[in-house]
Structure formats: structure tokens, C-alpha cells
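As given, the protein sequences belong to chains A and B, one line each in that order. 3 is the number of the first residue of the first sequence in the working numbering; add one for each residue after it. 3 is the number of the first residue of the second sequence in the working numbering; add one for each residue after it.
2 protein chains.
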Amino acid sequence: MRNIKLTIEYDGKNFPGWQSQPGKVSIQTEIERAIEEVTGEKVELIASGRTDAGVHALGQVANFHTNTNIEINKIPYAINSKLSKSIVVKKAEEVEERFHARYNCKLKTYRYIINHAPFPSALNRYREYHMPYELDFEAMQRAAQYFEGEHDFKAFKASGGNAKKTTVRTLTKCSVEKDGDRIIIELTGNGFLYNMVRIISGTILDVGLGKIEADKIPEIIESGVREKAGKTLPPHGLYLVSVDYQNEK
Amino acid sequence: MRNIKLTIEYDGKNFPGWQSQPGKVSIQTEIERAIEEVTGEKVELIASGRTDAGVHALGQVANFHTNTNIEINKIPYAINSKLSKSIVVKKAEEVEERFHARYNCKLKTYRYIINHAPFPSALNRYREYHMPYELDFEAMQRAAQYFEGEHDFKAFKASGGNAKKTTVRTLTKCSVEKDGDRIIIELTGNGFLYNMVRIISGTILDVGLGKIEADKIPEIIESGVREKAGKTLPPHGLYLVSVDYQNEK
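Now the structure itself:
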């Protein structure tokens, strides 16, 4: 059987998230339906991980097994022709039988966009979080650095995950940059706990607002207490940017 | 009476355009309704010019006369509170009684965005025109230069306008730039004929596609024949960026 790896962009606005949910059309079920229409096969699409309702992806990765003989470079066009324009397959690659989009994932990069203009943007209202109040940008950058490295991120995890599993993760990057009126928070890591990016972004924002001191971040991480971290920012400012498998193709 | 100048951003996607139309909720009627709810007065909102269905604005300008005593810096918040998030008043300024957003307009800047990536963007599907085919970027830049200056733009005007009025306009800028996968066409001028930006952008794109020679542009302008110019690009890639009144405040 062939094993096909897809790279997918989607607008999370009108979906209940990646994963199939009873009675709701999820991103996963939409793409599985499109693949079935194209190949005639019912497939299971394995993503690098779920994204929540409203969260966007520039480069989600997923794989499926198939007996179709459609040429690899024609697969994106074939699947896209059966999808609404809010989901776009941007790449298809032939991968080894044993490749698994979730298990083999080495690094993921997420982006959170904060619009710091006095008024929200009409055009980007579903694409960023608006924060008009004064922010200490340097303090936000300083706070971000403390998240890099291997830490127990228990304080930055929403309830609802599996409490027995380890909450230790390694972030290779946690940066805060300006792009005009926008503040872009970017995180790269080997794994992310439930709502971890939105809670870390909310904590960095709370540092900018002066609610949390930048140099208290190590103490908050150490505490493992969710209440000491900042608020969970809303999903519509969050993007899964890319998923890296290194030499695992 | 006070005369208030507003600067407005809007997402054109769900509107039939700026202007009031029977049975349809236009951008103008939406803002006039919001102003009425805020001031208790029926006002006429005078824009720098109309925008068509689907066209976006980053900085449309409009003015209205009012007896309200709401502080000028509170006016955007008051109006925005009565509007859907697809229209945002970003600035309000007190201007002279005689200021008229259409008659006093000196320069307007429009932007047309072409996505030149192999696949369309799911997130920007209502914000740009997708063109995956090979383009001669330098030829597009060369073509653009010919549009600058004072010309009779009759060949770049859709039918439907007033045929008796002059079709001579001056473009102070017509540029083609790259921004990653995007090609950005920007025009600044003292006035624009009906669909002029979309036809000039379509002509520049046809030069990129090799359908029209860059150095034939002066001849096409000279001819005044619409059929010699390129196609009209769709509205969803077009943005009214700004309107300039110089010292006319």
C-alpha cells in the first residue's frame, strides 16, 4: 500500500477543530470525505495532532494509506477539487509505509498573532487577537526566553488532558517579534500540552500588560500551578505553522 | 453643525459594495444606521467614492454633518459598538464645514494582491487573486511604469460610467512589488474610472503571462479601445488603501 503525507492549510473559523466529532463536520472528516470521493476508499487520516475549534493551520501534516494509482503530484489537485476553499492541500509526498504523522513528529511550530493597533482590524477579525492597551514589549521578549529549554509545563496546561502522562516538554524557540502593529509570538517544541500555546501566549501578554513580572516566569513554571500562569487566549489568533519530521520521511 | 471625517476599514466580502442599494445592506447604510443609533440623527455619509461588491478598504474616508456633542475621540468607539466587526471606524476628525470627502479628495491609493503560490491560500481566499502560472515579473514591473503620468485611460474603463465625462487621469504611482509568494500592484492617482484598477491590474497580469507585450502598453493606452487592454480581475483582490486630502482638512 502507498503511504501519502499531506501538508494542509486551513481556515479554522467555521470548523469544530481538526478531529471528527459526532454531528459536526470537522476538518479531518472533510478531507477524509474528499479522499474517498477521489480514490473510492474509506481512509483514516492521521494528523500530527489535533487543532481546536477556530485554530488555523498553515502547514498541518497528515498521512493516509491507499491503493490509488493517482500520480503523487496530482493528488493535491484531486483532493482540493472535492473540498471547500477553506481547506487546501498544498503538498503530497510519497512516504515509507511506517511513517506516522503523529508518532514520528519531531518538532512543531505555532504562531500567535496579537493586533496591538488602537482599533481591531475588520479584515483580520477572525485571524488575530486584538489588544489595544499599552504593552511593555521588551518585558514580553524577556519573559519569552524563560520558556525555552526543557521544562515541566504543568502550569501551562488546560485541564482535560491525561493527568498521568508526563508534562515535560522542550521548547527550542519562544520568540516575540513586532510586525507593524502586530506582535507575533512563535513557539517551536517537541510537543505541546492541551492549550499550552494559548496559555503561554496569554502569560506573555499578561507580562506586557504588567500583570505578571517577566522575571517571575521561572517561578511560575516551577510551581506547576495553572492559576499562577496567565489567561488562555482565544483560538482565532493561533496558527499551526509547520510540523517537522527531520529525516523521518 | 459639526462636520466629522471618518477613516474606515471594511471587509467587502459580504456587502454589495459601499453604496446603498434597494433591498441590500450596503456598507454606507450600515454605518449610517450606526450613526443614527448613536446620535439620534439621520445623516448622509459622503464617501471619497464607492467601492464595488467584494472590494475591501483599509482606509476609506467619509464625512457627515451632525449636531451630536459626543467627544471626537469617542466617536469611533460609539459607532463601532453598533456595527458588525466587518466594518471598523479607525479614526474620527473634526473638519471644516465645507469639507467634502468626494469633492476634496486629492489622491487615492489602491492595492491589488495576486497570490502566485502553486496552491491558493485557504486563509486568504477572499483577500487575493490566485494565479499559479509562470509570470515574467520584470515585464510586469516594466509595464506598470507606462501607466504613470497623465493619460487618457479610456481603454481601462468598464462600460457603465458616464461617457460624456473626461477619461483623463493622472497616476503618480503604479508599482509592482513582491512580498514572498504575493505580487502587490499599487496605484496612486487623482481619480479612477470605473473598474480602472482591476483592468490595469489585469493588463499587468496579462503582461506577466506573456499575453501582452510590456512595451505595447503605450499603444494600448493611446488606442482608447477597451478590448486591447487585459481582463478585469475579480474584486476580492482589491483594497482601497488610503485617501489623501493634503491640506484640505
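Just so you know, even glycine gets a beta-carbon here, dropped at the ideal spot from N, CA and C. Note that the coordinates shown come from a computational prediction; the quantities given were computed from them, not determined experimentally.
Item to complete: Note down, in chain order, every chain B residue with its Cβ under 9 Å from the Cβ of Arg35(A).
Response: Per Cβ cutoff of 9 Å: no residues; Arg35(A) is ~16 Å from chain B at best.
Worksheet item: Roughly how many whole angstroms lie between the Cα atoms of Asn71(B) and Leu109(A)?
Response: 57 Å
Discussion item. Ala141(B) and Gly191(B) - do their beta-carbons sit closer together than 8 Å?
Written reply: no
Worksheet item: Closer than 8 Å, CB to CB, is Ile6(A) near chain B or not?
Response: no
Worksheet item: In terms of residues, what are the limits of the alpha helix (DSSP H) holding Gly204(A)?
Response: Met198 to Gly210
Worksheet entry | Classification of Val57(B) by the beta-carbon crowding that lies within 10 angstroms, buried from 16 upward | buried
Practice prompt. Please go through the segment 75-122 of chain B and give each complete beta strand (DSSP E) segment of 3 or more residues, from N-terminal end onward.
Written response: 89-97 and 109-117
Worksheet item: Alpha carbon to alpha carbon, what distance is there between Lys15(A) and Lys26(B)?
Response: 25 Å
Worksheet item: Of the choices Tyr148(A), Gly204(A) and Thr9(A), whose alpha-carbon is the least far from that of Ala216(A)?
Response: Tyr148(A)
Worksheet entry | Endpoints, the beta strand (DSSP E) within which Thr190(A) is located | Arg184 to Gly191
Discussion item. Going by DSSP in three states, Asp246(B) sits in which element: helix, strand or coil?
Written reply: strand
Worksheet item: Of all the options Lys87(A), Ala55(A) and Val91(A), which has the alpha carbon lying nearest to the alpha carbon of Ile37(A)?
Response: Val91(A)
Worksheet item: Looking only at DSSP bridge pairs, what is Gly19(A) linked to?
Response: Asp54(A)
Discussion item. I want to know whether the segment 232-243 of chain A touches the segment 77-97 of chain B - three or more CB-CB distances under 8 Å.
Written reply: no
Discussion item. Is there a Cβ of chain A sitting closer than 8 Å to that of Glu11(B), yes or no?
Written reply: yes
Worksheet item: Does the beta carbon of Ser83(B) sit closer than 8 Å to a beta carbon anywhere in chain A?
Response: no
Practice prompt. Go ahead and pull the three-state DSSP assignment for Val170(A).
Written response: strand
Worksheet item: So with Cβ pairs under 8 Å, would you call Ile29(B) a contact of chain A?
Response: no
Worksheet item: Shortest alpha-carbon distance to Val45(B) belongs to which of Arg52(B), Glu11(B), Met3(B) and Ile10(B)?
Response: Met3(B)
Worksheet entry | Interface flag, His58(B) vs chain A, CB-CB below 8 Å | yes
Item to complete: Could you tell me whether any Cβ in chain A is nearer than 8 Å to the Cβ of Phe17(B)?
Response: no
Worksheet item: If you count every other CB in all the chains shown that lies within 10 Å of the CB of Gln248(B), and 16 or more means buried, which is it?
Response: exposed
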